[in-house]
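If you're matching positions, the sequence shown starts at 1031 in this note's numbering and goes up one per residue.
Glycine included, every Cβ here is placed at the ideal spot set by N, Cα and C.
Since this is a predicted model, take the numbers as computed values, not measurements.
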Amino acid sequence: MSFKPWKSLLLTAVTLGAGATAATAQDVAAAQKAIELERYNEARGLLRNASTPEANFELGRLYQMRDLDDSAAIYFNKAAGATPFGQVAAGRAALVKGQTDAAATSFDAAAKATKNKDAKVLTMIAQAYGESDVKNIDKALTVRACLQGAGRNVLLRWAVP
């Protein structure tokens, strides 16, 4: 067995990359908790250096809660993509701008992509309606009914007035 100097370098790079990904996921989870506790500066500090779509989505939520709609739309658009998660982010960006029809289209596309069976996506849609300035409790309750119809008894604190 011969010594290959590139192996240790490759192993180090892979280890550091995995550690950075885990740290980013922990930062997003900690930031979500800080947002729930209304510690907005702490959450922004945790998310500022992360560049994942999830971090951008949470920054959009943070700015939306602080009534900084332009900043919220920017970060929601950064998180937008072709995945159901990205479609929900695009819908939230439209909702922040007051474009309810475009938001409904994006949310419907995300729900159809998951066949109304992904509880996380449906919860994010209900949360979007509950947290927006354009309060549409009927839409949020419709999404909640879809969640319960799928056999998931989920309490959405954002959908209850």
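Query, Result
"DSSP-derived helix/strand/coil call for N1079", "coil"
"A1112 burial status per 10 Å Cβ neighbour count (16 or more: buried)", "exposed"
"Pairwise C-alpha distance: Q1129 and A1060", "31 Å"
"Euclidean distance between Cα positions of R1096 and T1144", "31 Å"
"Where D1168 sits in the DSSP three-state scheme", "helix"
"Own chain partners of E1088 with C-beta closer than 8 Å, once the 5 adjacent residues on each side are dropped", "V1058, A1061, Q1062, I1065, A1073 and L1077"
"Reference N1079; option with closest CA among Q1056, A1149, S1162 and D1168", "Q1056"
"Chain-order list of residues whose beta-carbon lies under 7 Å from that of Q1094 (same chain, five-residue window excluded)", "A1102, V1126 and E1161"
"CB contact flag (A1132, A1124, <7 Å)", "yes"
"DSSP three-state assignment for T1144, whether helix, strand or coil", "coil"
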